[in-house]
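**Q** Quick one: the structure is below, questions incoming.
In the numbering used here, the protein residues as written are 850 to 988.
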């Protein structure tokens with residue numbers, strides 16, 4: 850099934866706020882999984898992270914990722930959109946700062962550090978369960 854308005858509404862309702870998802874990457878044939886704070890917007894998840902982290906180094910070598918959370922699993926392509934204060938990231942970052950307000954400024958995130966970056970996970974395919982229905986999705 851192609852991604853459509855109904856599916857987008859379900860995903861936006863479920864993940865269009867501060868959401869914990871599992872993010873999997875692969876390095877040298879070994880899977881690596883970690884929990885990240887993310888927000889779903891228009892077919893992608895966005896994460897504020899650190900450019901020198903293991904996940905970002907792994908994505909630089911192999912951008913194919915997998916995610917999982919709240920009855921949804923998917924594959925996607927990870928992309929480092931650069932520093933969180935870049936003008937082209939302003940619109941998404943305004944949304945994320947609001948969504949992450951409960952913890953964003955507690956010392957965990959340093960926007961002055963040029964390695965603080967925005968990760969976009971562009972979804973390619975996934976499986977969503979909602980209301981007793983299974984949706985096999987192509988994004």
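Note that CB positions come from ideal geometry on N, CA and C, so glycine has one too.
My parser needs the alpha helix (DSSP H) runs of 4 or more residues fully inside the segment 921-986; what are they?
**A** Runs found: 939-948.
**Q** Taking DSSP as the reference, what is the three-state secondary structure of residue 902?
**A** Coil, per DSSP.
**Q** Does the separation of the CB atoms of residue 927 and residue 879 fall below 7 Å?
**A** No, the Cβ-Cβ distance between residue 927 and residue 879 is not below 7 Å.
**Q** On a CA-only basis, which of 951, 934, 944 and 977 is nearest residue 964? Give me that one, please.
**A** For residue 964, the nearest C-alpha among the options comes from 934.
**Q** Just the C-alpha distance for residue 976 and residue 932, rounded to the nearest angstrom, thanks.
**A** Cα to Cα, residue 976 sits roughly 31 Å from residue 932.
**Q** Quick one: what's got a C-beta closer than 6 Å to residue 941's C-beta in the same chain, skipping five residues either side?
**A** Here the set comprises 895.
**Q** Considering just the uninterrupted stretch of the alpha helix (DSSP H) at residue 862, what are its terminal residues?
**A** Element bounds for residue 862: 854-864.
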